[in-house]
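Just below is one structure, and these are the notes that go with it.
Protein chains: 2
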Amino acid sequence: MHILITGAAGFLGQRLIQALMARDELAGKALTRLTLVDQVTASVPDSSGPESNAPKIHTHAVDISVPGSLDAILDSRPDVIFHLAAVVSSAAEADLDLGWSVNFGATCALVEGCRSRKLSTTRLIMASSVAVYGGALPPVLDDMTALTPQSSYGTQKAMCELMINDYSRRGLIDGRVLRLPTIVIRPGRPNAAASSFASSILREPFNGEEAICPVPTDLNLFVMSPGRVIDALIHGAEVPGADFGLSRSVMLPGITVSVAGMLENLREHGGDQALALVRHEPDPRITAIVSSWPAAFDARRARDLGFSGDTSFSDIVDAFLNERSP
Amino acid sequence: MHILITGAAGFLGQRLIQALMARDELAGKALTRLTLVDQVTASVPDSSGPESNAPKIHTHAVDISVPGSLDAILDSRPDVIFHLAAVVSSAAEADLDLGWSVNFGATCALVEGCRSRKLSTTRLIMASSVAVYGGALPPVLDDMTALTPQSSYGTQKAMCELMINDYSRRGLIDGRVLRLPTIVIRPGRPNAAASSFASSILREPFNGEEAICPVPTDLNLFVMSPGRVIDALIHGAEVPGADFGLSRSVMLPGITVSVAGMLENLREHGGDQALALVRHEPDPRITAIVSSWPAAFDARRARDLGFSGDTSFSDIVDAFLNERSP
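Protein sequence lines, in the order shown, are assigned to chains E and C.
Note that my numbering has the first sequence beginning at 1, numbered continuously upward.
Note that my numbering has the second sequence beginning at 1001, numbered continuously upward.
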């Protein structure tokens, strides 16, 4: 089992690598080779297993938006591709061409690269996003709600989804598209995602640092913990393609929580002194993007496909606090 | 008012040219220049107006899928672009690369060409299609139903729609996307559209010729007459962009009719001898494509935007018979 991961140096990529190496197998086949691709050289976690069983790991620092950059890697015929590399929402909004070339262009190249090499059974799992939705949405969405994204990031992801669906329908690739809810609580530092605040307003105060909340507290978000997202990516590689039926895209089963509810959890777990570290500084640009995303979703289809989510926002906070303590 | 039409040699292009020249104006501005683009040199209908008022007409035989082929034409800065050129559904299904390069690639080039020339107020009207819908659809669709096309043609159109929406949202272009129902009754000969039969089973018998019906007679279609489609294209150029709100795509208000209902109209207007000219030869490939399209649509949004449709299938047949008689 040879697995290729794009965006391997990113937060999700690193967690996925750890999860895969802890499992040793995927879809019942032993993990023999991991190919890690990112703009920078991806870190490789220490293998905890015996040396003989450890997969061979190849890392490539590559700009996947450069035509042909993935050729040699695809020539090695991976069995599973986790396509996580992306220019995030705020960055794609600020630079249309950058977002287009990475989010859309590189995905096209990856899909066409699989097609031209007849990698029709290679399972291609693309991380899509709640940002494919937007505009005048119903109170509760489902997988038959139209994609009317109100950001270039969401648009580029939605276009990739259509292409992956069509190529899968034609049997040219075996694609799977997982629409990720807003991921909270991310470790590390704020990034250029419009949703970055959703982790910051918890993570920073728990670390004794100030955080800025740029949105109204009555804003609802559709969220999922990093642990459940990694579970979903792995399940996305294991579920038979035929189970997806006429659409390879599925919204993962996040949970709905208001910013006020998140802050109440901050107070419950971190006390009033943690809550006091959150400064409210409305940012119309971020509010416009984030409030265009759906807040409630009937994820029956995802559950029918075997995907599962978090049980409560309190559990998400508990998981974060458990992971950060040694 | 300088109008550019791609696909100008096609059936819709030719009718649109005639309709525009009969009006002399668009959006209250006198028609001064018509630029006609197609693979072949488009016919130019005789101008019925006085010579001094007739618009200047330029025709270009161009393969718009060739990079740069539209550069000189866009340099002339059209005020309105009707983008009708397309590889139709069966042809795009048979040749993925051809459909991709014309339906998607050329549209991308057109949109990027407008953007790079700062043609942000040029109204770009793209003909999309009922084929953007497909799969497990609700009995009655509306503009918030997800696009899950089951053909490469529908996929390519849906991808263009997303791009046009995003570029319009960013103010880079002023795009409008009209999703055309199945157009009946087309004049001329059968073409490579999967829906070609829908015209053939009426047109050929009215001309005393045999026609093949490749689908079950209980199949419902969502249809619009050529006259109402041309009206809609013109209205699509005249309606203010802001009226579209958060989505530049709209399904035109077709009517629902079964193949049996169409054949009943054939008998009513042409008698038993006309009906007897229809041979039933099921074609699973065509049936698969056409039955994946929606048959009923709540087109309230289109009507709110001022688009109107046919009143009955009998009227569609009457219009066809009136037009073909001298």
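Cβ atoms here follow ideal geometry from the backbone N, Cα and C, with glycine treated the same way.
Bear in mind that the values here come from a model prediction, so they are computed numbers and not experimental data.
Go to Arg285 (chain E), then tell me how far its alpha helix (DSSP H) extends in each direction, as first and last residue.
Where Arg285 (chain E) is concerned, the enclosing alpha helix (DSSP H) stretches over 284-291.
Report buried or exposed for Ile1280 (chain C), applying the criterion of at least 16 other Cβ atoms within 10 angstroms of its Cβ.
Per the sequence presented here, residue 1280 (chain C) reads as His, with Ile not at that position. Sixteen is the threshold: since fewer than 16 other Cβ atoms of the shown chains lie within 10 Å of the Cβ of His1280 (chain C), the residue is exposed.
Short check: CB of Ala211 (chain E) to CB of Val278 (chain E), under 8 Å?
In this structure, Val278 (chain E) lies closer than 8 Å to Ala211 (chain E) by Cβ.
Report yes or no: do three or more beta-carbon pairs, one from the stretch 107-119 of chain E and one from the stretch 216-233 of chain E, lie closer than 8 Å?
The stretch 107-119 of chain E, when compared against the stretch 216-233 of chain E, does not touch it at the 8 Å Cβ threshold.
Any contact between the stretch 283-296 of chain E and the stretch 1006-1020 of chain C? By contact I mean 3 or more CB pairs, one from each, below 8 Å.
Judged by Cβ distances under 8 Å, the stretch 283-296 of chain E makes no contact with the stretch 1006-1020 of chain C, as fewer than three pairs qualify.
Comparing the CB of Pro138 (chain E) with every heavy atom of the ligand NAP, is any distance shorter than 7 Å?
Looking at this structure, you won't find the ligand NAP or any other ligand, since it has none at all.
Between Leu1178 (chain C) and the rest of its own chain, which residues show a CB-CB distance below 7 Å, the 5 nearest in sequence each way excluded?
Ile1125, Ala1127, Ser1128, Ala1232, Leu1233, Gly1236, Val1250, Leu1252, listed in sequence order.
Measuring CB to CB, does Ile1286 (chain C) end up less than 8 Å from Val1215 (chain C)?
Yes. Within cutoff.
Where the beta strand (DSSP E) containing Leu221 (chain E) begins and where it ends
Leu221 (chain E) -> beta strand (DSSP E) spans 220-224.
I'd like to know whether the C-beta of Ser101 (chain E) is nearer than 8 Å to at least one C-beta of chain C.
Judged by the 8 Å Cβ criterion, Ser101 (chain E) is not in contact with chain C.
Considering only C-alpha positions, which residue in the set E:Ala61, E:Arg303, E:Ile183 is nearest to Phe313 (chain E)?
Per the C-alpha coordinates, the member of E:Ala61, E:Arg303, E:Ile183 positioned closest to Phe313 (chain E) is E:Ile183.
On the three-state DSSP scale, how would you describe Met1262 (chain C)?
Met1262 (chain C) falls in the helix class under three-state DSSP.
Could you tell me which chain C residues have their CB closer than 9 Å to the CB of Ala127 (chain E), listed as they occur along the chain?
What Ala127 (chain E) touches in chain C: nothing, since even the nearest Cβ is about 18 Å away.
What are the boundary residues of the alpha helix (DSSP H) that includes Arg1015 (chain C)?
Per DSSP, the unbroken alpha helix (DSSP H) holding Arg1015 (chain C) starts and ends at 1011-1023.
Counterpart residues of Lys1029 (chain C) in DSSP-defined beta bridges:
Looking at the DSSP output, Lys1029 (chain C) bridges to C:Leu1026.
Could you check which residue in E:Arg248, E:Ser120, E:Ile316 has the C-alpha nearest to that of Val80 (chain E)?
Cα-wise, what sits closest to Val80 (chain E) is E:Ser120.
Does the Cβ-Cβ distance between Leu166 (chain E) and Ser1152 (chain C) come in under 8 Å?
First, the amino acid is wrong: residue 166 (chain E) is Asp here, not Leu. In this structure, Ser1152 (chain C) lies closer than 8 Å to Asp166 (chain E) by Cβ.
Among E:Asp174, E:Val259, E:Arg169, E:Phe206, the one whose alpha carbon lies nearest that of Val187 (chain E):
This sequence places Pro at residue 187 (chain E); Val is not what is there. It is E:Phe206 whose Cα lies nearest to the Cα of Pro187 (chain E).
Rounded C-beta distance between Val102 (chain E) and Ser43 (chain E)? I'm assuming under 8 Å.
Incorrect: roughly 21 Å between the Cβ atoms, too far for contact.
I'd like to know whether the C-beta of Gly135 (chain E) is nearer than 8 Å to at least one C-beta of chain C.
Interface residue, yes.
Use the C-beta contact count for Pro1067 (chain C): other C-beta atoms within 10 angstroms, 16 or more gives buried, fewer gives exposed.
Under this definition Pro1067 (chain C) is an exposed residue.
Would you please verify whether the beta carbon of Asp298 (chain E) is less than 8 Å from any beta carbon of chain C?
No - not a single Cβ of chain C is within 8 Å of the one on Asp298 (chain E).
Within the 8 Å Cβ cut-off, does Met1251 (chain C) reach chain E?
Closer than 8 Å: no.
Strictly under 8 Å for the Cβ-Cβ distance: is Met1163 (chain C) near chain E by that measure?
Cβ-Cβ to chain E under 8 Å: yes for Met1163 (chain C).
Just how far apart, CA to CA, sit Ile1073 (chain C) and Thr1035 (chain C)?
About 8 Å.
Going along chain C in order, which residues have a C-beta closer than 8 Å to the C-beta of Ala158 (chain E)?
Counting only Cβ-Cβ distances below 8 Å, Ala158 (chain E) has contacts in chain C at Leu1162, in chain order.
Note the first and the last residue of the continuous beta strand (DSSP E) segment covering Lys56 (chain E).
Lys56 (chain E) -> beta strand (DSSP E) spans 56-61.
Per DSSP, which residues does Asp1318 (chain C) bridge with? Please list them.
The bridge partners DSSP lists for Asp1318 (chain C) come to none.
Taking the alpha helix (DSSP H) that Met163 (chain E) falls in, what are its first and last residues?
Its alpha helix (DSSP H) spans residues 152-169.
Return the CA-CA distance between Leu1141 (chain C) and Asp1272 (chain C), expressed in angstroms with no decimal places.
So the two alpha carbons sit approximately 35 Å from each other.
Should Asp310 (chain E) go down as buried or exposed, given a rule of 16 or more other Cβ atoms within 10 Å for buried?
Classification of Asp310 (chain E): buried, given that the 10 Å Cβ count is 16 or more.
Tell me the start and end of each unbroken beta strand (DSSP E) in the stretch 1097-1142 of chain C that is at least 3 residues and wholly inside, in chain order.
The qualifying runs are 1123-1129.
Within this structure, are the beta carbons of Val1130 (chain C) and Pro1055 (chain C) separated by less than 8 Å?
Taking 8 Å as the Cβ cut-off, Val1130 (chain C) and Pro1055 (chain C) do not qualify as a contacting pair.
For Ser249 (chain E), write down the residues that DSSP places opposite it in a beta bridge.
Ser249 (chain E) is bridged to E:Val177.
Counting only beta-carbon separations shorter than 8 Å, does Asp24 (chain E) have a partner in chain C?
Not closer than 8 Å to any Cβ of chain C, the Cβ of Asp24 (chain E) fails to qualify, so no.
Cα-Cα separation, Pro1045 (chain C) to Ala1091 (chain C):
CA-to-CA, the gap between Pro1045 (chain C) and Ala1091 (chain C) works out to about 28 Å.
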